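Q: Before we start, here is the structure in question, set down as C-alpha cells.
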Amino acid sequence: MANEEQNSDGLEFHPMDQFIVKPLFGEIGDPVHIYTVTNVTLWLAITVLAVIGLLVMTTTKRSVIPSRGQAVAEMAYGFVYKMVEDVTGKDGVKYFPYIMTLFVFILCANFLGLIPMAFTTTSHIAVTAVMGFGVFFAVTILGFLKNGSSFLSLFWVSSAPLALRPILAIIELISYFVRPVSHSIRLAGNMMADHAVLKVFAGFAQVSGGMALLIVPVSILGVV
C-alpha cells in the first residue's frame, strides 16, 4: 500500500506506491533480493490457493439441492460454458477448462486486491501479458493444427475488392498480433486506475473524519 505520513497540513499519500514490486527478503540492490520471493509472487501463490480452495469447498459436498456456494459455482460454470459454446461451438467446448481456469483466476486476483494491504497482481502488465500471450499462442497453434495453412485465410478478406485485399490483410495481421497486447494493457490499466482511485478516496475518508460515510458509496463504485 501507499506510504503515508501525517503532517500539519493533513495526510500525504501516494496512490501509485501500492503497485511497487518489493522483495520480501533483503533490500533492493542486495544480491539476495534477486532470488527472493516478491509481493507479486506471494499474492499470485495466494490467488492459486484461493482458486483451489474455492473449487474444493464448492464441489466436495454436492447435492441435488445446492448450497449457496454450490449455487454460485454452478452459475459461474454455466455462464462461462455458455459463452464458450456460443463463441466456439460444440467443438470448442473441450477448451472450456482452460477458459474457466483463467476466468476464476482473474476473478479471485481482482477480489483479493480489494483486501487492505494486499497486492493487486493483475495491475501489472507482466502478469496480464503472460495470460494474454498464453491464450494468443494457444489459439494460433490450435488454429494451424486444426486448419493447416488455410488458417491464414483468416487474414485474407475474400469478400473485399481485389485491390483492397492486400491492405486489409496487413491490417488484419497487425490487429491479430496487437490483440494480446491491448487486452493485457486494458486489464492492467483498469485495475491500476481503479485501485489508485480507491486509495485516493481512502485518503479523503481519513482526512474528512465523519464525512467518510459520504465517500463510501463512491468508493464502492470503483470496484466495478
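For the sequence shown, our numbering assigns the number 34 to the initial residue and increments by one for each residue that follows.
Glycine included, each C-beta is placed from N, C-alpha and C at the ideal position.
Remember, predicted model here, so these are calculated numbers, not experimental data.
Please list, in chain order, all residues of the same chain as residue 136 whose beta carbon is under 7 Å from its beta carbon, the five residues on each side excluded.
A: Taken in chain order, the residues that qualify are 113.
Q: As a quick exercise: from 158, 98, 177, 105, pick the residue whose alpha carbon is nearest that of residue 73.
A: Among 158, 98, 177, 105, the Cα nearest to that of residue 73 is on 158.
Q: Have a look at 121, 119, 161 and flag the residue whose alpha-carbon is nearest the alpha-carbon of residue 138.
A: Ranking the options by Cα distance to residue 138, first place goes to 161.
Q: On a CA-only basis, which of 124, 172, 225 is nearest residue 53? Give me that one, please.
A: Residue 225 is the option with its Cα nearest to residue 53.
Q: Go to residue 169, then tell me how far its alpha helix (DSSP H) extends in each direction, as first and last residue.
A: Run containing residue 169: 158-180, per the alpha helix (DSSP H) assignment.
Q: Determine the direct distance from the alpha carbon of residue 75 to that of residue 203, and round the result to whole angstroms.
A: If I take the Cα positions, the gap works out to 42 Å.
Q: Apart from the five residues just before and just after residue 153, which ones in its own chain have a Cβ nearer than 6 Å to its Cβ?
A: 146, 224, 228, listed in sequence order.
Q: For residue 110, collect the residues of the same chain with a Cβ closer than 8 Å to its Cβ; drop the 5 residues on either side in sequence, then sort them by chain order.
A: Once the five neighbours on either side are set aside, the close Cβ partners of residue 110 are 133.
Q: According to DSSP, simplified to helix, strand and coil, what is residue 71?
A: Here residue 71 sits in strand by DSSP.
Q: Buried or exposed: residue 130, going by 16 or more other Cβ atoms within 10 Å of its Cβ?
A: Label assigned to residue 130: exposed.
Q: Per DSSP, which one or two residues make a beta bridge with residue 56?
A: Paired residue(s): 71.
Q: Quick one: is residue 178 buried, meaning 16 or more other Cβ sit within 10 Å of its Cβ, or exposed?
A: Result: exposed.
Q: Give the straight-line distance between the Cα atoms of residue 104 and residue 95, rounded to the nearest whole angstrom.
A: Cα-Cα distance, rounded: 10 Å.
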